[in-house]
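Peer 1:
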Amino acid sequence: MNYFSLNKLVTTLGVRRILDFRTMKTKTIINAEGKDVIKKKTYENRITLISPDNSLSITDLKNAQNISLRRDLKLVKIQDVDSKTRRPVYKLMTNSEYHAEELSKRKEKQVARQNALVKGEKLLTLSSRIGEHDLMTGIKKMLKLVEKQYEVKVVIAGEDAEAAVKSEKIYQTIENQVRNMSKIVQKRVKGNSLRFQLLPVRSSNTEGTGNTDSNENDNNKGPL
Numbered sequence: 055m056n057y058f059s060l061n062k063l064v065t066t067l068g069v070r071r072i073l074d075f076r077t078m079k080t081k082t083i084i085n086a087e088g089k090d091v092i093k094k095k096t097y098e099n100r101i102t103l104i105s106p107d108n109s110l111s112i113t114d115l116k117n118a119q120n121i122s123l124r125r126d127l128k129l130v131k132i133q134d135v136d137s138k139t140r141r142p143v144y145k146l147m148t149n150s151e152y153h154a155e156e157l158s159k160r161k162e163k164q165v166a167r168q169n170a171l172v173k174g175e176k177l178l179t180l181s182s183r184i185g186e187h188d189l190m191t192g193i194k195k196m197l198k199l200v201e202k203q204y205e206v207k208v209v210i211a212g213e214d215a216e217a218a219v220k221s222e223k224i225y226q227t228i229e230n231q232v233r234n235m236s237k238i239v240q241k242r243v244k245g246n247s248l249r250f251q252l253l254p255v256r257s258s259n260t261e262g263t264g265n266t267d268s269n270e271n272d273n274n275k276g277p278l
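Okay, so the sequence shown: first residue is 55 according to this note's numbering, each after it adds one.
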């Protein structure tokens, strides 16, 4: 076998190897009519990424995770699926932004739980010149409303020069009487009146039941 024949054989084998490789890697899809269908390239885990400067980009989750590690940022999921793009939305945040976001979410959950707990609102107005007997009667009314899961808005209206001092004393009396039954929020002074709200608190019976059940389960386990 001469040099040219050997060279031709090597070339032929190389071409065949390339064709075989392409055949292995290429996947042909045929429809019901026997025609070839071009397979669309799929992108897995594609996301919409929001940078710290609020610029948008489309990338994959793995690349976003690498960026967050490289830049020492938090990768936080903002939305499971965007209604328009059908992609999840993530945002890169600094540590301070992340903690602020967490606090905001906690407050939203707390407000949602409180709203689910409260049936409605009731307004109760007292005079800064109210007598002790009438004040205690008013406090009993507040407690009854709180027990029925109502939010009670209290207004102590000032009617003389010493209204501020008297209103504060009335507030302290109310606070001492209701502290075990309700939570006082948003205390503020508006004009000549002192205002605040009484919120019902979650019953300790349900929490105690959970703790009791867990204790009973621990006792039933016996010695380790």
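Ideal placement from N, C-alpha and C gives every residue a C-beta, glycine not left out.
By Cβ distance below 7 Å, which residues in the same chain neighbour Ala217 in space, the five residues on each side in sequence not counted?
Peer 2: Excluding sequence neighbours, Ala217 sits near Ser182 and Asn246.
Peer 1: So, using beta-carbon positions, are Asp136 and Val130 closer together than 7 Å?
Peer 2: Cβ atoms of Asp136 and Val130: not closer than 7 Å.
Peer 1: Based on the DSSP secondary-structure assignment, which residues constitute the bridge partners of Pro254?
Peer 2: DSSP lists Ser236 as partners of Pro254.
Peer 1: Report, in whole angstroms, the separation of the C-beta atoms of Val172 and Glu201, which I expect to be a contact under 8 Å.
Peer 2: About 13 Å; that fails the 8 Å criterion.
Peer 1: Apart from the five residues on each side of it in sequence, which residues of its chain come closer than 6 Å, Cβ to Cβ, to Val64?
Peer 2: In this predicted model, Val64 has a pLDDT of only 48, less than 50, meaning its place in the structure is not dependable enough to derive any value.
Peer 1: Below 7 Å between beta carbons: does that hold for Ile101 and Arg141?
Peer 2: Contact: yes.
Peer 1: Could you check if Met78 is buried or exposed, using at least 16 other CB atoms within 10 Å of its CB as the buried criterion?
Peer 2: Low confidence applies to Met78: its pLDDT is 42, below 50, so where it sits in the model is not reliable, and the reading given next is rough at best. Looking at its Cβ environment, which holds fewer than 16 other Cβ atoms inside 10 Å, Met78 is exposed.
Peer 1: Please list, in chain order, all residues of the same chain as Asn234 whose beta carbon is under 8 Å from its beta carbon, the five residues on each side excluded.
Peer 2: None.
Peer 1: Is the separation between the beta-carbon of Leu253 and that of Val239 shorter than 7 Å?
Peer 2: Closer than 7 Å, so yes.
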